[in-house]
Amino acid sequence: MYYLLDVFHKVSSKFDIRYWAECGTVLGYRRHGGITPWDDDIDVDVHPDDLLKLVGDEIEEEFANYGCSLCPIYFGYRVCPISLPTFGNSVNNNTTKNVAYNWPFLDVFATAFFDKTGSGMRDHIRYKYLAALKWWPEYYLTREEIQANEVSFGPDNMKIKILVPDKVDDYLGRIYGDDYMAIAYQELDHANNRPIRKVVCKITDRGPGQAIRAEIPRHPRTVGPP
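Each residue of the sequence shown is one higher than the one before, counting from 1 in my numbering.
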């Protein structure tokens with residue numbers, strides 16, 4: 001998952017795409033300095049004005065150069081390995097015409113500006129598509145929070161750069177409550193696309209999830225002399 005996030009950060013930088021990590025990925029950064037040890041996917045939001053930059057053969061080929069595919073899904077896109085790594089899994093998703101996605105994956109949420117306060121100003125950001133709003137109607141960011149900051153992320157053997165929202169503590173407190181640094185829970189098994197029973201427990205491990213070393217094959221068209 002560190003690899004997928006690193007790839008997305010590099011491709012976004014090349015194509016001038018503004019993004020920020022969201023929800024559990026931001027929580028992992030704040031609480032663990034990397035991926036939460038028991039997390040099983042990565043989530044990012046893309047700035048409303050940059051969503052169309054993800055469309056086209058050029059950017060798809062750029063992801064393919066890293067052995068990844070950019071797949072449409074009901075909330076935006078999903079970045080998946082083209083070929084399954086040794087520990088991977090193929091996950092069906094019946095919300096997107098029964099398309100199967102290679103796990104692990106990185107979810108890319110499309111966003112849109114909206115008027116949250118009734119002031120007539122579209123000064124907040126939420127998910128763009130109705131299918132995503134149905135699942136997560138309360139999720140939003142302020143314009144200030146999307147002034148993303150670049151931070152170091154991950155264990156010492158896999159330190160990468162990512163973007164996170166400004167005012168991280170305000171953002172996380174609104175989503176998870178004031179005790180997000182002290183308790184943890186999981187509700188969805190992404191590798192098998194199924195809910196799991198929510199069990200709340202106290203945090204005992206503040207270290208980041210470690211990187212699993214597994215080769216992701218590169219796109220055949222990019223194979224050549226070193």
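Note that beta-carbon positions come from the ideal geometry of N, C-alpha and C, so glycine has one too.
Here the structure is a predicted model, which is why all the values come from computation and not from measurement.
Open item on the list: I'd like the list of long-range same chain contacts for L51, defined as Cβ closer than 6 Å, with 5 residues on each side in sequence excluded.
Closed with: Reading the sequence shown from its first residue, position 51 is the one you call residue 51. In chain order, A110 place their CB closer than 6 Å to the CB of L51, counting only its own chain and leaving out the 5 sequence neighbours on each side.
| query | Are there 16 or more other CB atoms within 10 angstroms of the CB of C201, so buried, or fewer, so exposed? | reply | Residue numbering aside, residue 201 sits at position 201 when the sequence shown is read from its first letter. Around the C-beta of C201, fewer than 16 other C-beta atoms lie within 10 Å, and the residue is accordingly described as exposed.
Using a 10 Å radius around the Cβ and a threshold of 16 neighbouring Cβ atoms, would you call V79 buried or exposed? Locating residue 79 in the sequence shown gives position 79, counting from the first residue. Under the 10 Å beta carbon count, V79 is surrounded by 16 or more other beta carbons and is classified as buried.
| task | Quick one: give me the first and last residue of the beta strand (DSSP E) that L106 is part of. | result | Locating residue 106 in the sequence shown gives position 106, where the first residue counts as 1. Unbroken beta strand (DSSP E) run through L106: 106-114.
For I162, count the other beta carbons within 10 Å of its own beta carbon; 16 or more makes it buried, fewer makes it exposed. Which is it? Here residue 162 is taken as the residue at index 162 of the sequence shown, counted from 1. Looking at its Cβ environment, which holds 16 or more other Cβ atoms inside 10 Å, I162 is buried.
| Contact check, Y29 vs D45 under 8 Å by CB: the rounded distance? | Position 29 of the sequence shown, counted from the start, is the residue given in the question as residue 29. Position 45 of the sequence shown, counted from the start, is the residue given in the question as residue 45. Between the beta-carbon of Y29 and that of D45 there is about 14 Å, and that puts the pair past the 8 Å contact cut.
I want to check one thing, is the minimum distance from the CB of L54 to the heavy atoms of the ligand ZN below 7 Å? Of ligands this structure carries none, so the ligand ZN is not represented either.
**Request:** Have a look at A112 and I203 and give me their C-alpha separation to the nearest angstrom.
**Result:** For this step, residue 112 is matched to residue 112 along the sequence shown. For this step, residue 203 is matched to residue 203 along the sequence shown. Straight across, the Cα-Cα distance linking A112 with I203 is about 34 Å.
- Query: Do the CB positions of N175 and C23 come within less than 8 Å of each other?
  - Reply: What you label residue 175 is simply residue 175 of the sequence shown in a count that begins at 1. What you label residue 23 is simply residue 23 of the sequence shown in a count that begins at 1. Reading the sequence as shown, one finds Ile at residue 175 and not Asn. Cβ atoms of I175 and C23: closer than 8 Å.
From W38 to R143, what does the alpha carbon distance come to, in whole angstroms?
-> Numbered from its first residue, the sequence shown carries residue 38 at position 38. Numbered from its first residue, the sequence shown carries residue 143 at position 143. W38 and R143 have their C-alpha atoms roughly 31 Å apart.
Measure the CB-CB distance between G34 and G154 and report whether it falls below 8 Å.
Stepping through the sequence shown from its first residue, residue 34 is reached at position 34. Stepping through the sequence shown from its first residue, residue 154 is reached at position 154. Contact flag set, yes.
Q: With DSSP collapsed to three states, give me the class of A182.
A: The residue you call residue 182 lines up with position 182 of the sequence shown. Judged by DSSP in its simplified three-state form, A182 adopts coil rather than helix or strand.
* To do: Please determine, among L106, F75, R31, F15, the residue with the shortest C-alpha to C-alpha distance to D57.
  => For the purposes of this step, residue 57 is taken as residue 57 along the sequence shown, with counting starting at 1. It is F15.
| What is the DSSP secondary structure of T36, counted as helix, strand or coil? | Along the sequence shown, one-based indexing puts residue 36 at 36. Collapsing the DSSP output to three states places T36 in coil.
- Query: In terms of residues, what are the limits of the beta strand (DSSP E) holding K161?
  - Reply: Indexing the sequence shown from 1 puts residue 161 at position 161. Unbroken beta strand (DSSP E) run through K161: 160-164.
Review point. Short check: CB of L106 to CB of L4, under 8 Å?
Key: As a working note, residue 106 is residue 106 in the sequence shown. As a working note, residue 4 is residue 4 in the sequence shown. If you check the CB distance, L106 and L4 come in under 8 Å.
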